[in-house]
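Each remark here refers to the structure printed beneath this line.
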Amino acid sequence: MLNKSARTPNLLILTFLATLLAPLTASAQDRLCDPQFEDCRTPILNLIRQEQQGIDVAFWYMSDALYAQELINRKNAGVPVRVLMDDQANNSHPANATILQMLRDAGIPMRNKVAGDILHFKTMLF
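The working numbering applies: residue -2 is where the sequence shown begins, and numbers increase by one.
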């Protein structure tokens, strides 16, 4: 029979293992989409349309105005939307300037990346 001091580490180990093996209750899901092999537009638009808590967006340039319009729609529905952007893309991607202006005119908070190289990633956090 184990004495109380010997049972304590065993109980801690069992509790730790049970915590690791317990199912996660969070509904968050990471999803990578490769547009070379699959439709990435529809799932992203659906995520934007369904979001209730907030959307954070970062991109070097955006050329599809439908994404911008859906972000504006969510903002107008009361969902916080924030954008990290890079206006250095405007020279090589003229549609970017139009989309940035759409977002700005809608009152979406935007922060321009001003130092270093380009903002070379695309992210949406829901």
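Virtual Cβ for every residue (Gly too), placed ideally from N, Cα, C. No experiment lies behind these values; they were computed from the predicted model shown.
| Check | Outcome |
| --- | --- |
| Classification of ALA23 by the beta-carbon crowding that lies within 10 angstroms, buried from 16 upward | Residue confidence is low: ALA23 scores 48 on pLDDT, short of 50, so the model does not pin down where it sits. Its coordinate-derived value is still stated next. Exposed is the call here. |
| Limits of the unbroken alpha helix (DSSP H) element including ASP102 | 91 to 102 |
| Reference MET121; option with closest CA among PHE34, GLN33, ASN70 and GLU48 | GLU48 |
| Backbone CA spacing between LEU116 and TYR64 [nearest angstrom] | 18 Å |
| ALA23 in three-state terms, based on DSSP | Reliability fails at ALA23, whose pLDDT of 48 lies under 50, so the model's placement of it is uncertain and the value that follows must be treated cautiously. DSSP places ALA23 in coil when its eight states are reduced to three. |
| Bridge partners - ARG79, DSSP secondary structure assignment | ASP53 |
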